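Chains as they are written, first to last, in this note's numbering: chain P, 73 to 237; chain S, 134 to 325.
Below, the structure written as structure tokens:
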């Protein structure tokens with residue numbers, strides 16, 4: 073009974089697929105049972121026969137064939153890349169209205185974002201800078217511009233009125 | 134060895150075909166013998182070996198660890214052979230299908246008459262052929278494990294990585310494959 077169980081597990085034992093408990097048990101059993109040891113020896117012999125199989129030498133000149141195939145593959149992938157680009161052009165050529173509309177839409181969206189970022193919304197620094205530019209341009213035309221500007225800066229409308237009067 | 138591999142792989146990644154040629158010369162016998170034992174056809178084995186190396190060169194930039202080239206290459210070879218087997222199943226006899234042929238079965242199980250020729254060389258040749266047939270008659274998943282472990286000397290964990298299965302699965306496949314081999318080779322073991 074013991075031997076039957078051990079023989080069932082011998083292959084997993086040889087493949088190191090058993091728990092430590094079973095490994096110890098089988099190792100102990102093998103040292104005292106010549107019949108199971110013969111079975112284990114048969115496994116080892118079969119493995120040895122397989123490992124002894126001679127290696128075959130591949131045909132010479134295989135590298136040149138590999139090189140040729142690599143070059144072919146590289147050419148193929150380059151052609152594929154070009155054909156993909158050509159497909160895009162073809163797609164554009166066949167749908168001019170859609171492409172122009174999409175282009176105009178994109179320009180509007182990005183133009184809007186640019187406008188908003190640069191002119192509509194200004195940081196305090198940018199605001200001051202653009203105010204100074206405006207002031208310089210204005211002061212060249214109007215000698216009282218500096219006072220008006222001062223008023224605007226201080227937020228006092230009354231000063232402006234006073235100056236105008 | 135591994136450092137050398139890593140260097141050659143890096144140079145191949147940079148487009149140096151001469152470095153890849155060195156890798157090819159180093160691993161060509163391994164890939165060729167693995168493929169040959171999987172499909173038992175020299176012409177196909179050569180074709181598939183070439184294909185494996187072409188695939189390796191084209192996708193070498195995707196290899197993350199340069200020193201893991203051998204395992205990665207064997208993974209490509211395994212997949213190339215699997216694809217071929219899948220494609221040619223039904224056209225050429227592979228793996229299990231050869232089992233179904235009664236004539237072949239009979240030939241396989243005939244014990245060669247060693248006493249009549251008495252020459253060691255012939256006996257060795259016969260044994261080699263019998264062993265080769267025994268390996269070839271294994272199911273593909275068992276054959277892969279036997280070849281990678283006993284011919285390519287890959288560790289269980291490396292094989293598990295290549296075949297993308299758990300180590301326990303590899304061990305159980307190895308055990309089953311050994312069991313089948315012993316059953317087939319037992320009549321000749323004492324003679325060997």
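C-beta atoms are modelled at their ideal positions from N, C-alpha and C, and glycine is treated no differently.
A quick note: this is a predicted structure, and the numbers were derived from the prediction, not measured.
Practice task
Could you say which of 311/S, 301/S, 211/S, 191/S lies nearest to residue 148/P if we only look at CA atoms?
Solution key: From the listed residues 311/S, 301/S, 211/S, 191/S, the smallest Cα separation to residue 148/P is found for 191/S.
Practice task
Determine which residues of the segment 166-199 of chain P have a Cβ less than 7 Å from any Cβ of chain S, and write them out in chain order.
Solution key: Residues: none.
Practice task
Could you pull out every residue in the same chain whose Cβ sits closer than 7 Å to the Cβ of residue 282/S, ignoring the five residues on either side in sequence?
Solution key: Counting only Cβ-Cβ distances below 7 Å, and skipping sequence neighbours, we find 292, 307.
Problem - Within chain P, partners of residue 211/S - CB distance below 7 Å - result: In chain order: nothing, as chain P lies at least about 18 Å away.
Handout entry: Nearest-angstrom beta carbon gap, residue 160/S and residue 203/S [assumed within contact, 8 Å]
Key = 7 Å
Practice task
Using three-state DSSP, classify residue 222/S as helix, strand or coil.
Solution key: strand
Exercise for the section: Can you give me the start and stop residues for the alpha helix (DSSP H) that residue 283/S sits inside? Expected result: Run containing residue 283/S: none; DSSP gives neither H nor E here.
Exercise for the section: Kindly list, in the order they appear in chain P, the residues whose Cβ is closer than 7 Å to that of residue 161/S. Expected result: Among the residues of chain P, those whose CB is under 7 Å from the CB of residue 161/S are 130, 134, following chain order.
Handout entry: Inter-residue CB distance, residue 137/P and residue 183/S (contact presumed, cutoff 8 Å)
Key = 5 Å
Problem - Neighbour list for residue 265/S in chain P, Cβ cutoff strictly below 8 Å - result: 125
Practice task
Can you tell me which of the three DSSP states residue 273/S falls into?
Solution key: helix
Exercise for the section: Kindly indicate which three-state DSSP category residue 127/P falls into: helix, strand or coil? Expected result: Coil.
Handout entry: Terminal residues of the alpha helix (DSSP H) in which residue 310/S lies
Key = 300-322
Exercise for the section: Kindly list, in the order they appear in chain A, the residues whose Cβ is closer than 8 Å to that of residue 84/P. Expected result: As a matter of chain content, chain A is missing from the structure shown, whose protein chains are P and S.
Handout entry: First through last residue of the alpha helix (DSSP H) which encompasses residue 89/P
Key = Run containing residue 89/P: none; DSSP gives neither H nor E here.
Exercise for the section: With 8 Å as the threshold, decide whether the Cβ of residue 322/S is near any Cβ in chain P. Expected result: For residue 322/S, the answer is yes, since a Cβ of chain P falls inside 8 Å of its Cβ.
Exercise for the section: Report the option in 187/S, 189/S, 268/S whose CA atom is closest to the CA atom of residue 57/P. Expected result: Missing from the structure shown is residue 57/P; chain P here goes from 73 to 237 and no further.
Practice task
Could you tell me whether the Cβ atoms of residue 85/P and residue 95/P are closer together than 8 Å?
Solution key: yes
Problem - Environment of residue 187/S [buried if 16+ CB atoms lie within 10 Å] - result: buried
Practice task
Measure the beta-carbon distance from residue 295/S to residue 211/S and round it to whole angstroms, keeping in mind my assumption that it falls under 8 Å.
Solution key: 6 Å
Exercise for the section: Look at residue 181/S and residue 142/S and say whether their C-beta atoms are less than 8 Å apart. Expected result: Not closer than 8 Å, so no.
Practice task
Whole angstroms is fine: what's the gap from residue 133/P's alpha carbon to residue 317/S's?
Solution key: 37 Å
Handout entry: Helix, strand or coil at residue 192/S according to DSSP, with G and I counted as helix
Key = coil
Problem - Proximity test, Cβ basis, 8 Å: residue 148/S and chain P - result: no
Problem - Of the residues 254/S, 207/S, 260/S, the one placed nearest residue 286/S, counting alpha carbons only - result: 207/S
Handout entry: Expected contact under 8 Å - CB spacing of residue 169/S and residue 128/P to nearest Å
Key = 6 Å
Problem - Among 321/S, 278/S, 312/S, nearest to residue 300/S - alpha-carbon criterion - result: 278/S
Exercise for the section: Could you tell me the distance, in whole angstroms, from the CA atom of residue 89/P to the CA atom of residue 152/P? Expected result: 49 Å
Exercise for the section: Using a Cβ-Cβ cut-off of 8 Å, state whether residue 230/S counts as contacting chain P. Expected result: Low confidence applies to residue 230/S: its pLDDT is 44, below 50, so where it sits in the model is not reliable, and the reading given next is rough at best. Output row for residue 230/S: interface = no.
Practice task
Using three-state DSSP, classify residue 297/S as helix, strand or coil.
Solution key: The three-state reading of DSSP puts residue 297/S in coil, since its state is none of H, G, I, E or B.
Exercise for the section: Assign residue 130/P to buried or exposed, taking buried as 16 or more other Cβ atoms, counted over all protein chains shown, within 10 Å of its Cβ. Expected result: buried
Handout entry: Under 8 Å between C-beta atoms of residue 115/P and residue 311/S
Key = Note that the C-beta distance between residue 115/P and residue 311/S is below 8 Å.
Problem - First through last residue of the alpha helix (DSSP H) which encompasses residue 147/S - result: First-last for residue 147/S: undefined, no H or E at that position.
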